[in-house]
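Residue numbers (the numbering used here): 97 to 363. All C-beta atoms in this analysis are idealised placements derived from N, C-alpha and C, irrespective of residue type, glycine included. Remember, it's a predicted structure, so these values are computed and weren't measured experimentally. In what follows, a single structure is set out as structure tokens and then discussed.
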Amino acid sequence: MLPSTEYVEAVERTLDSTFTFKCHKDISCFNKCCHHTDMLLTPYDILRMKKRLGISSTEFLQKYTHTHIDEKSSHPFAVLTMNEDEEGSCPFLTPEGCSVYEDRPANCRYYPVGKGLMIRDTTDGPAPVDFYFFIRQPTCRGYDEGREISIAEWRAAQGVDVYDQMNREWQEIQLRRDNPGKPKLDDQKQALMYMASYDLDQFRKFVFESGFLNLFELDKDEVEKMRDDDVALMKFGFKYMKYILMLEETLKLKDEFQKENKPANVN
Ligand code: SF4
Ligand code: SF4
């Protein structure tokens with residue numbers, strides 16, 4: 097969830113920092129956090145939820161999300177659309193709790209520990225570094241209960257690591273573009289970024305049913321893997337994004353298509 101910044105503690109924490117917290121079905125605030133949230137989704141969130149619901153990424157995006165264009169970077173993001181009633185509840189919320197719990201998005205898993213990524217000077221030079229902070233929403237009673245645990249223990253219990261691992265490259269792409277010197281994306285690049293980030297089923301058609309495969313020198317095993325494997329396709333999508341954003345030459349055009357104006361317009 098994207099909490100209001102007024103509830104975000106301005107103190108940076110580490111994985112060893114401890115806090116007292118417990119969230120459970122009998123707590124007085126049960127489900128209160130699943131209403132009126134601006135929940136930004138990651139590529140891996142959508143991969144997991146569309147699979148769980150047995151629908152395509154295109155259907156998932158149409159049914160459950162809306163697009164937000166970040167003012168600074170001009171990157172398109174998928175945001176979970178809350179129900180349009182007074183309660184503004186999450187579409188996956190039931191009286192018993194979250195109906196997609198095992199596949200809930202990364203932001204639902206993080207709460208109440210937020211995580212940021214920032215370029216900092218390290219001994220190996222500037223590099224993306226994680227930092228953590230607590231979110232203390234007044235309606236959340238979880239801080240009043242439970243035992244003391246570390247941020248590392250909390251994250252392990254929430255199954256966050258696989259999400260972070262899967263989304264890392266995508267987050268680093270945002271970070272590398274989140275810089276005042278970078279030009280804004282045009283409509284075409286925004287659409288390609290959105291597709292490669294979120295709409296895997298559409299991206300698969302784009303890769304396998306357009307002239308895409310004829311244009312680039314690609315590893316045959318990688319291509320075969322991403323025919324059926326969504327994670328492999330998502331990772332290839334990150335490569336493609338770096339290519340179209342001209343962050344890295346992650347793809348190589350075949351010699352006969354080498355021109356001055358890259359990237360090539362595939363369609
Ligand atoms: S996905 Fe589940 S945990 Fe997350 S806001 Fe919706 S109901 Fe709550
Ligand atoms: S304790 Fe906090 S996270 Fe848990 S249900 Fe209550 S408001 Fe949500």
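- Query: Would you call the CB atoms of Ile269 and Phe353 closer than 8 Å?
  - Reply: no
- Query: Quick one: complete alpha helix (DSSP H) runs, 4+ long, within the stretch 286-314?
  - Reply: Correct list: 296-305, 308-311.
- Can you tell me whether Ile165 is buried or exposed, with buried defined as 16 or more other CB within 10 angstroms of its CB? exposed
- Message: On the criterion of 16 or more Cβ atoms from any shown chain inside 10 Å, does Ser124 qualify as buried, or is it exposed?
- Response: exposed
- Beta carbon of Phe188: closer than 7 Å to some heavy atom of ligand 2? no
- Task: For Phe156, name the three-state secondary structure that DSSP assigns.
- Result: Correct three-state label for Phe156: helix.
- Do the stretch 244-254 and the stretch 280-288 touch if we need at least three Cβ pairs shorter than 8 Å? The answer is no - the stretch 280-288 does not touch the stretch 244-254, with fewer than three Cβ pairs under 8 Å.
- Message: My output table needs one value for Arg216: the three-state DSSP class, helix, strand or coil.
- Response: strand
- Task: Identify whether Ile123 lies in helix, strand or coil by the three-state DSSP scheme.
- Result: coil
- Roughly how many whole angstroms lie between the Cα atoms of Asn127 and Phe115? 21 Å
- Task: Measure from the alpha carbon of Tyr197 to the alpha carbon of each residue in Arg144, Leu296, Ala223, Leu213, then state which is nearest.
- Result: Arg144
- ligand 2 heavy atom lying under 7 Å from the CB of Asn203: no
- Beta-carbon contacts of Ile215 that lie in its chain and below 8 Å, excluding the five residues immediately before and after: Pro222, Ala223, Pro224, Val225, Leu271
- Message: I'd like to confirm the pairing. Which residues does DSSP put opposite Cys194 in its beta bridges?
- Response: Leu189
- Item | Range covered by the beta strand (DSSP E) that runs through Pro224 | 221-230
- Message: Give me, in chain order, the residues of the same chain whose beta-carbon lies closer than 7 Å to that of Gly184; leave out the 5 immediate sequence neighbours on both sides.
- Response: His131, His132, Met178
- Message: Measuring CB atoms only, is the stretch 193-209 touching the stretch 154-164, in the sense that at least three cross pairs come out at less than 8 Å?
- Response: Taking 8 Å as the limit for Cβ pairs, the verdict is that the stretch 154-164 does not touch the stretch 193-209.
- Leaving out five residues before and five after Gln298 in sequence, what residues of the same chain have Cβ atoms less than 6 Å from its Cβ? Thr154, Met291
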